[in-house]
Amino acid sequence: MEQTIELGSLVGFLLKAGDVVALSGQLGAGKTHFTKGIAKGQGVKDIKAVTSPSYVIVKQHTGRLPIYHFDAYRLKSADEMYEIDCVGFFWGEGISIIEWAEKVMECLPDEFIKITINILGKTSRGINVSYQGERYRNFMEEVKEKVKCLK
Ligand SMILES: Nc1ncnc2c1ncn2[C@@H]1O[C@H](COP(=O)(O)OP(=O)(O)OP(=O)(O)O)[C@@H](O)[C@H]1O
Ligand SMILES: [Mg+2]
21 MEQTIELGSL VGFLLKAGDV VALSGQLGAG KTHFTKGIAK GQGVKDIKAV
71 TSPSYVIVKQ HTGRLPIYHF DAYRLKSADE MYEIDCVGFF WGEGISIIEW
121 AEKVMECLPD EFIKITINIL GKTSRGINVS YQGERYRNFM EEVKEKVKCL
171 K
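If you're matching positions, the sequence shown starts at 21 in my numbering and goes up one per residue.
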């Protein structure tokens with residue numbers, strides 16, 4: 021769990037205004053914990069306040085940049101994301117993080133960071149970081165460099 025937060029923090033440290041992070045992984049995989057890590061990396065002091073925004077769809081936190089934390093779990097379609105003006109958030113000055121992104125792929129921008137968390141055991145997780153779009157090429161290189169330093 022600490023390592024999930026640590027990797028999230030490493031990612032969060034590298035994110036820039038307007039970046040979009042799509043999180044996938046089954047129930048309890050650790051998407052919210054990873055988001056806590058992103059918030060930590062963005063300088064949010066109280067990451068305990070970073071909890072699942074299931075009922076409100078999006079919650080905002082303030083780090084160096086605004087953090088828009090979405091949870092699409094309960095949504096039937098991307099329409100409900102459009103209703104809350106998700107595009108306005110994605111194109112805004114903050115960082116957008118979407119749990120259960122696969123449910124609302126249609127509303128995501130063409131370019132995004134993709135994080136997939138797999139449950140390997142009770143406390144063991146496999147976390148894959150990839151990206152779609154040239155925008156994140158440098159980000160990915162930086163992640164690889166920093167992950168090397170963790171080992
Ligand atoms: N290595 C790990 N990384 C993350 N969480 C872990 C790990 N090991 C155990 N856990 C536990 O797994 C659960 C992950 O919960 P979390 O809310 O972050 O998942 P989630 O993917 O957001 O779930 P949901 O789909 O319900 O939103 C927590 O109870 C946490 O304590
Ligand atoms: Mg969650």
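Backbone N, C-alpha and C fix where the C-beta goes; we use that ideal spot for every residue, glycine too.
Going by beta carbon distance, what residues of the same chain come within less than 6 Å of residue i, once the five residues before and after it are set aside?
i: K56; result: I25, I67 and V70
i: C106; result: C127
i: R155; result: E131
i: K134; result: A42 and S150
i: R157; result: none
Whose C-beta lies closer than 7 Å to the C-beta of residue i among residues of the same chain, with five residues either side of it excluded?
i: P129; result: V40 and F110
i: K79; result: P73 and H89
i: D91; result: S72, P73, S74, I77, E119 and W120
i: G61; result: G28, S29, L30, V31, G32 and F33
Starting from the C-beta of residue i, find all residues in its chain whose C-beta is less than 8 Å away, skip the five residues before and the five after it, and write them out in chain order.
i: Y75; result: R94
i: G48; result: I139
i: E162; result: L34
With DSSP as the reference, identify every bridge partner of residue i, one or two as the case may be.
i: H81; result: I87
i: S6; result: In the structure as shown, the chain starts at 21 and stops at 171, and residue 6 therefore has no counterpart that could be examined.
Comparing C-alpha positions only, which one of the options sits nearest to residue i?
i: K96; options: E126, I147, G153 and E154; result: E126
i: G63; options: S29, Q80, T52 and H89; result: S29
i: S72; options: G112, K168 and I118; result: I118
i: N148; options: A98, L43 and G83; result: L43
i: I115; options: M101, G146, T136 and V31; result: V31
i: G50; options: K142, T82 and K36; result: K142
What do you get for residue i, buried or exposed, if any count of 16 or more other CB atoms within 10 angstroms of its CB means buried?
i: G83; result: buried
i: A37; result: exposed
**Asked** So which residues touch the region around ligand 2, with touch meaning a C-beta under 7 Å from any heavy atom?
**Response** K51, T52, S72, D91 and E119
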